[in-house]
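Asks:
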Amino acid sequence: MNIIDPSRREIWQRFVREGILDHARMNKRIAESWHLCRQKNVNPYDGKGKMILEPHLLAERKKRNQRLLHIAVPILEKLQKYFQETKSIFLLVDREGYVLYAKGHKQTMKMAEGIKFVEGVKWTEDEVGTNAIGTSLRIHEPIAIVGLEHYSVASHQWVCSATPIYDEKRELVGIIDVSYPINHYPFHDHVLATVVAAAYTIEQRFHIQAKEDELELFKYSRNMENTNSPVVICNHKGRIVWVNHCLRSSFSNMLDRSLEDVCGDHWIIKSQTPIYSSIHHDIIGYQVTIQKTKNNDFKFVSTTFHFEGVTGRSKSFANVIKSCEKVAKTDATVYITGETGTGKELIARAIHQNSARKNGPFVAINCGAIPKELIGSELFGYVEGAFTGAKRTGHKGKFVQANGGTIFLDEIGEIPLEMQIALLRVLQEREVIPIGGTKPIPIDVRVITATHCDLYQLVREGKLREDLFYRIYVYPIKVPALRERKEDIPFLIQYYCQKNNWSVSFPDEVMQLFMTYHWPGNIRELFNVLERVRIEYGDHIPSIPELKSMFIGWESQGENMKSDQETLSYREQIEKNHIMDMLQKTKGDIARAAAELNIPRSTFYRKLKKYHLI
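Residue numbers for the sequence shown follow this note's numbering, beginning at 72 and rising by one.
(1) Excluding the 5 residues flanking Y676 on each side, which residues of the same chain have their C-beta closer than 7 Å to its C-beta?
(2) V600 lies in the alpha helix (DSSP H); which residues open and close that run?
(3) Look at the Cβ atom of Y251, then the Cβ atom of T179, and state whether they are nearer than 8 Å.
(4) On the three-pair Cβ rule with 8 Å, is the region 537-551 touching the region 434-442?
(5) With 16 as the cutoff for other CB atoms within 10 Å, does A225 come out buried or exposed?
(6) From Y27 to N306, what does the alpha carbon distance come to, in whole angstroms?
(7) Helix, strand or coil, according to DSSP, for S329 in the structure here?
(8) Using the beta-carbon count (16 or more within 10 Å), is I279 buried or exposed?
(9) CB G185 to CB P115, shorter than 8 Å?
(10) Give every residue of the same chain whose Cβ lies closer than 8 Å to the Cβ of Y291, excluding the five residues on either side of it in the sequence, and list them in chain order.
(11) Taking only beta-carbon positions, decide if R241 is within less than 8 Å of chain D.
(12) I need the boundaries of the beta strand (DSSP E) containing R517, first residue and last residue.
(13) Between E331, G468, Y169, which has its C-alpha nearest G508's C-alpha?
(14) Closest to I514 by C-alpha separation, out of F188, H211, E242, E500, would be which residue?
(15) Between the Cα of F585 and those of F562, K510, W573, spot the shortest distance and give me the residue it belongs to.
(16) Within the chosen definition, does the region 122-129 reach the region 234-242 through at least 3 CB pairs nearer than 8 Å?
(17) Roughly how many angstroms lie between the CA atoms of V244 and Q528, to the nearest whole one?
(18) Among Q137, N98, I146, which residue has its Cα nearest to the Cα of D165?
(19) Whole angstroms are fine: how far does the CA of K619 sit from the CA of A268?
(20) Who are the near neighbours of R595 in its chain, counting only those whose CB is closer than 7 Å to its CB and skipping five residues on each side?
(21) Under 8 Å between the Cβ atoms of R33 and I311?
(22) Between which two residues does the alpha helix (DSSP H) carrying C108 extend?
(23) If you run the structure through DSSP and keep just helix, strand and coil, what is F277?
(24) In this structure, what does DSSP give as the bridge partners for W338?
(25) Compare the C-alpha of I606 against each of P616, G592, D559, T657 and name the closest.
(26) At which residue ranges does the region 474-554 contain complete beta strand (DSSP E) runs of 3 or more residues, listed in the order of the chain?
(27) Tell me whether L597 is buried or exposed, calling it buried when 16 or more other Cβ atoms sit within 10 Å of its Cβ.
(28) If you draw a straight line from the alpha carbon of I204 to that of G168, how long is it in whole angstroms?
(29) Taking N254 as the reference, which of Q275, Q228, Q655, R109 has the closest Cα?
(30) Would you kindly report the start and end of the unbroken beta strand (DSSP E) that includes C231?
(31) Have a look at I361 and S348 and give me their C-alpha separation to the nearest angstrom.
(32) Rounded to whole angstroms, what is the Cα-Cα separation between D342 and P578?
(33) Consult DSSP for L668 and reduce its assignment to one of helix, strand or coil.
(34) Just to confirm before moving on: does the CB-CB distance between V405 and I519 stay below 8 Å?
(35) Within 10 angstroms of the Cβ of I91, are there 16 or more other Cβ atoms? Answer buried if so, exposed if not.
(36) Which of the three DSSP states is assigned to T179 in this structure?
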């Protein structure tokens, strides 16, 4: 469709009104997209961004795409210099359609904000209709879309050119896009070619980065040469790239083979530590310590299951990982139980990332942190005008946001009884009716739930419907408390030190102190203590009394905190954690901590006494 064709608006109007289209006058890909948008009931009279990530979720998504950002952003910045006389904006989008990066001409950025075309927005065909980013994401081809070729009116004033980006394994990792106002249309002729050339440059950088990651693993391995334990260095896919002197005779012909295959029944994995790139900070491999098996040895979990945490050597946690590996291959509903701070969400993410749904969204919601009157709209969404204060465009609930992926309902026991009926219906029918709506929305999600409570005790107390219990209690996984896996503490400490580039080695007596403490706050508390020590002492090793002062719950207070863990409600536990974190941040300045939390000082003192913090 030519932009100067006077009939272009008539063609668009007739299609959105009647569904009739003259295919001879339309690009095949655009005509195909229009029909798809009509089938999916995309509103042609809207097209503004609706699904925009909260800042912490955007930060999390950027972290998961660090490698893509590290490689692509410098290329986009060079493009900006090349196009500095134009009114263009430059965007980097992940493979699920979320905008990770948007920069460019100030006036055009302001114009983009008007249609919610901003960082964090999901810009797919399903969300905003035919557009260069979403259409390119679907067809895996470069495409330019001009003015009324866009399906929805919000984009009719734009010209957009987008193309896919592939990594060194030819896997789609994202989209780059250049967009600008339609009154700069003559500029359009060479933009798509430039975007495609930029994508090619990015793809070449992926190949170069892969080689650099491999080289960094080899450099890292040199530090392991004199280690007396058998050590293997694997890449992030679990394939062996190096072995130390203890294994050369046994593993001499095993390079580039799967560690799982090589170990077989003769070796077990004692520990597995992630190795992070010093450049883009993603995991590039693992340092694995192995040992010969004995007949009664416990066989550790295979390295085909990727867990972005510390596995250590405890049987209790190894059993958890084995359970995760089994259930990840299915679509079964999973229930995770464990104390606060044991890493239940990390387990849920690992199941998602090792499942067939790994390329779909992972949406987590803490049911205990949302006011009871808002939990329904958060889970199921609402339509325009559903209640006073509702967004004019309505709101997609977490179930719809998780479509095609996994939803993680943390603290499921906190959902009020009246809302449990609606949740039960969603789980049974696999469709959602937004608040104030009448039309059901079909969903395809895997459900993982978690709580720190005894779920069936909630049923006995009448706080949880029994039929809902049996819906969610399909495949239970119990995450052990840290005091039940104390042999993993040295590995957790090693993981923290490596992740934070903290070059410190704790002597035996200090490590013994870490091992004897009861850790009521579990792994979260362990990392908090390490953070306090790192800030306060740096590379200096504190004395035993100094280290004890870093433990909020040491000695008599430890019993109080243990009692708290058993008697406080989930919301009280959250409040206590916030107070403890703020006291740490303000170095014990109670007046400042109360002000930061916007709590009157007298109330703050009462809460300190309530939670045994003074």
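Ideal Cβ positions, reconstructed from N, Cα and C, are used throughout, including at glycine.
Replies: Well, looking at it:
(1) Walking along the sequence shown from the start, residue 676 turns up at place 605. Closer than 7 Å at Cβ, skipping near neighbours: no residue.
(2) Along the sequence shown, one-based indexing puts residue 600 at 529. Taken as a continuous stretch (DSSP letters only), the alpha helix (DSSP H) holding V600 covers 593-608.
(3) Within the sequence shown, numbered from 1, the residue matching residue 251 stands at position 180. Within the sequence shown, numbered from 1, the residue matching residue 179 stands at position 108. Contact flag set, yes.
(4) no
(5) Locating residue 225 in the sequence shown gives position 154, where the first residue counts as 1. Burial call: buried.
(6) Nothing can be reported for residue 27, as the shown portion of the chain is limited to 72 through 685.
(7) The count along the sequence shown starts at 1 and reaches residue 329 at position 258. Reduced to three states, the DSSP call for S329 is strand.
(8) Translated into the one-based positions of the sequence shown, residue 279 becomes position 208. Per the 10 Å Cβ criterion, exposed.
(9) The residue labelled residue 185 in the question sits at position 114 within the sequence shown. The residue labelled residue 115 in the question sits at position 44 within the sequence shown. No.
(10) In the sequence shown, residue 291 corresponds to position 220, counting from 1. Excluding residues within five positions, the ones whose Cβ falls inside 8 Å are I304, I346, G356, Q358.
(11) No chain D appears in the structure shown, which is made up of a single protein chain.
(12) Against the sequence shown, residue 517 aligns to sequence position 446. In this chain, the beta strand (DSSP E) harbouring R517 covers 517-522.
(13) Residue mapping note: residue 508 aligns to position 437 of the sequence shown, counting from 1. It is G468 whose Cα lies nearest to the Cα of G508.
(14) As a first step, residue 514 is located in the sequence shown; it is residue number 443 there, counting from the start. With distances taken between Cα atoms, I514 lies closest to E500.
(15) For this step, residue 585 is matched to residue 514 along the sequence shown. For F585, the nearest C-alpha among the options comes from F562.
(16) no
(17) As a working mapping, residue 244 is identified with position 173 in the sequence shown. As a working mapping, residue 528 is identified with position 457 in the sequence shown. If I take the Cα positions, the gap works out to 45 Å.
(18) Position 94 of the sequence shown, counted from the first residue, corresponds to residue 165. Out of Q137, N98, I146, Q137 has the C-alpha closest to the C-alpha of D165.
(19) The sequence position of residue 268 within the sequence shown is 197, counting from 1. The sequence position of residue 619 within the sequence shown is 548, counting from 1. Cα to Cα, A268 sits roughly 59 Å from K619.
(20) Here residue 595 is taken as the residue at index 524 of the sequence shown, counted from 1. Around R595: G412.
(21) Given a span of 72 to 685 for the chain in the structure shown, any question on residue 33 remains unanswerable.
(22) Residue 108 sits at position 37 when you count from the first residue of the sequence shown. The continuous alpha helix (DSSP H) containing C108 extends over residues 99-110.
(23) If you number the sequence shown from 1, residue 277 lands on position 206. Three-state result, F277: helix.
(24) For the purposes of this step, residue 338 is taken as the residue at position 267 of the sequence shown. K363, per the DSSP bridge assignment.
(25) In the sequence shown, counting from the first residue as 1, residue 606 sits at position 535. Minimum Cα distance to I606 is reached at T657.
(26) 477-481, 517-522, 546-549
(27) Here residue 597 is taken as the residue at index 526 of the sequence shown, counted from 1. In this structure L597 is buried. Its beta-carbon is surrounded by 16 or more other beta-carbon atoms within 10 angstroms.
(28) The residue labelled residue 204 in the question sits at position 133 within the sequence shown. The residue labelled residue 168 in the question sits at position 97 within the sequence shown. Between the C-alpha atoms of I204 and G168 there is a straight-line separation of about 7 Å.
(29) For the purposes of this step, residue 254 is identified with residue 183 of the sequence shown, where counting begins at 1. Answer by Cα proximity: Q228.
(30) Sequence index remark: in the sequence shown, residue 231 carries index 160 (1-based). Run containing C231: 229-237, per the beta strand (DSSP E) assignment.
(31) What you label residue 361 is simply residue 290 of the sequence shown in a count that begins at 1. What you label residue 348 is simply residue 277 of the sequence shown in a count that begins at 1. Near 23 Å, if we compare the C-alpha coordinates of S348 and I361.
(32) For the purposes of this step, residue 342 is taken as residue 271 along the sequence shown, with counting starting at 1. For the purposes of this step, residue 578 is taken as residue 507 along the sequence shown, with counting starting at 1. Asp is not the amino acid found at residue 342; the sequence shown has Ser there. Their backbone Cα atoms lie some 20 Å apart in a straight line.
(33) Your numbering for residue 668 matches position 597 in the sequence shown. Three-state DSSP puts L668 in coil, outside helix and strand.
(34) One-based indexing of the sequence shown puts residue 405 at position 334. One-based indexing of the sequence shown puts residue 519 at position 448. Yes. Within cutoff.
(35) The sequence position of residue 91 within the sequence shown is 20, counting from 1. Exposed, since its Cβ has fewer than 16 Cβ neighbours within 10 Å.
(36) Stepping through the sequence shown from its first residue, residue 179 is reached at position 108. Note: T179 maps to helix in three-state DSSP.
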